[in-house]
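**Student:** I have a structure here, written as structure tokens, and I will follow up with some questions on it.
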Amino acid sequence: MLAIAPCTVERHVENVRLKTRTRNRVHMIAYVIRNGMLADKTGYVVNAA
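Okay, so the sequence shown: first residue is 3 according to my numbering, each after it adds one.
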């Protein structure tokens with residue numbers, strides 16, 4: 003199990019949000035899916051197209 007503080011997770015999420023220039027987590031997930039950056043457990047990349 004990975005042991006990191008919740009504030010560490012929040013900071014990483016905020017860094018990704020800033021780098022992707024998204025407004026919030028929902029917008030960030032839409033960005034990730036739209037740009038083919040999300041993989042499932044098998045490594046298959048989920049693509050919205």
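We treat Cβ as the ideally placed atom computed from N, Cα and C, and that holds for glycine.
Source: prediction; values computed, not measured.
Which residue or residues does DSSP assign as beta-bridge partners of V47?
**Tutor:** Taking the sequence shown and counting its residues from 1, one reaches residue 47 at position 45. BP columns for V47 point to A41.
**Student:** Looking at the unbroken alpha helix (DSSP H) that takes in L20, where does it start and where does it end?
**Tutor:** Numbered from its first residue, the sequence shown carries residue 20 at position 18. Residues P8 to T22.
**Student:** Would you identify the three-state DSSP class for M30, choosing helix, strand or coil?
**Tutor:** As a first step, residue 30 is located in the sequence shown; it is residue number 28 there, counting from the start. Here M30 sits in helix by DSSP.
**Student:** Going by CA-CA distance only, name the one from T44, G45, Y46 and R19 that's closest to Y33.
**Tutor:** One-based indexing of the sequence shown puts residue 33 at position 31. Among T44, G45, Y46 and R19, the Cα nearest to that of Y33 belongs to R19.
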